[in-house]
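Input: a single structure, listed below in structure tokens.
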Amino acid sequence: MDQHLQVFVTVVEKQNFSRAAEELHMTQPAVSQYIRTLESNIGTRLLERSNKYVRLNKVGEIVYHHAKEILGLYTKMQTLVDDVTNVASGPISIGASYTFGEYVLPHIIANLQETYPDIQPTVTIGNTTEIASLVDTHQLDVGIVEGHSKDQKLMVEAFADDQMVVVAAPISVLSNEQGFINIDALAEQTWIVREKGSGTREATEKMFGQLGIRPAKLMSFGSTQPIKESVEAGLGISLMSKWAIQKELKNGDLCTLKVTGLPFTRQFSIVTKSPFQTKALEVFIALLRNNKPLTTLEDMKKPQ
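Residue numbers are given in the UniProt record's numbering: position 138 of the sequence shown equals residue 138, and the series is strictly consecutive.
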């Protein structure tokens, strides 16, 4: 059954029988036969197809969602069995929220590959909600998220602190203030924030509540880089992780503002679904824990 599900998922994701056959190194008639057999076993059609398109019907959407989860579990089971007699090797699917995934994770993976070259990591970057959801449905082996996942079915382990500061462009009038910035002055600024579901957005709203800030205007972006560019261009100010702005601070492209109660500290957390872990996953999580004391990218690049 797993082969039928794999063929079905590939057809759905390629949206074409011919492209799916090429991806699977099969003939198109063989792919069609797998789909017909799966539909026969399920008891109804799963795909609407014509000469121009292949797309899911309502039942197909249900089967596709669960097929992804089943295939993820099957792969994890096979890897766990292989691990009983083998050293740490094989695939590991890692998810990370933007701050950690873009600015910290690449250095950890470089260390991982140097010590365990047979481990094959793949990385998915998304916001905290998205990563937690993919871990929950077994599409990712592990997630590293900002803040705390609210999914009670996941195992969550806080493993590192992340300091967050308010940043502005050097040309901003607030950057020239010598003392602490008045809360009213902060409220008058345009705040450039992440989208809902992001750990950084959650931290920003928590900071607003703690400091009593009611922003006059919010501007939202779906990732960290355009926020940095927007702040640098003088469009507004933002609460950002120190991990994400080290280069900009060093180059003088951004500066931090003195705000009472900051830096704001949040936590990076490891989220997993299953208590059973492959050796590759165990090695990766151990590496995350061992890197807990690191505070700068320069530290991360030093030999461990």
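Beta carbons are placed, not taken as given, at the ideal position from N, Cα and C, and that holds for glycine.
Selection from the options that minimises the alpha carbon distance to residue i
i           : options                  : result
S50         : R36, N16, L24 and M77    : N16
D136        : G212, E48 and I94        : I94
V142        : F284, S198, Q33 and E248 : F284
residue 332 : I131, C255 and K14       : No information on residue 332 is available, as it lies outside the stretch 1 to 304 that the chain covers here.
I270        : A67, L105 and I35        : L105
S241        : K68, S223, M26 and N176  : S223
S89         : S133, K52 and K76        : K76
V173        : E22, V31 and K258        : K258
R55         : A203, S40 and F8         : F8
A280        : P121, Q210 and H65       : P121
I35         : L47, L24 and K153        : L47
S175        : T278, C255, L73 and E61  : C255
P170        : E248, R266 and G179      : E248
L140        : R289, T272 and N291      : T272
T129        : K58, R201, V81 and V87   : R201
Q246        : T10, D118, V167 and K14  : V167
G43         : G60, L211 and Q163       : G60
I62         : F276, M207, T79 and E39  : E39
Three-state class that DSSP yields for residue i in the structure shown
i           : result
I183        : helix
A244        : helix
K250        : helix
residue 329 : This structure leaves residue 329 out entirely; the chain is present only between 1 and 304.
E61         : helix
L239        : strand
V166        : strand
V11         : helix
T137        : coil
T37         : helix
T256        : strand
I42         : helix
T295        : Residue confidence is low: T295 scores 45 on pLDDT, short of 50, so the model does not pin down where it sits. Its coordinate-derived value is still stated next. Coil at T295, not helix or strand.
F276        : coil
K302        : Legend: pLDDT at K302 = 46, less than 50; position of this residue unreliable, no value from coordinates given.
T129        : helix
V173        : helix
P263        : coil
Residue i: first and last residue of the uninterrupted beta strand (DSSP E) it sits in
i    : result
A96  : G90 to S97
L154 : Element bounds for L154: n/a, residue is neither H nor E.
E146 : V142 to E146
Chain C within 7 Å of residue i, Cβ atoms only
i    : result
T190 : No chain C appears in the structure shown, which is made up of a single protein chain.
The alpha helix (DSSP H) enclosing residue i, as first and last residue numbers
i    : result
M207 : G199 to L211
P121 : First-last for P121: I119 to G126, but that is the beta strand (DSSP E), not the alpha helix (DSSP H).
I192 : Looking at the DSSP string, I192 is not in any alpha helix (DSSP H); the run it does join, the beta strand (DSSP E), is T190 to R194.
K217 : No alpha helix (DSSP H) contains K217, which is instead part of the beta strand (DSSP E) from K217 to F221.
Q178 : Neither: Q178 is in no alpha helix (DSSP H) and is coded neither H nor E.
R19  : F17 to L24
R289 : K279 to N290
T224 : T224 to E232
Counterpart residues of residue i in DSSP-defined beta bridges
i    : result
L47  : L56
A160 : F268
Closer than 6 Å: residue i CB and nearest the ligand ADP heavy atom
i   : result
S89 : Ligands displayed in this structure: none; no statement on the ligand ADP is therefore possible.
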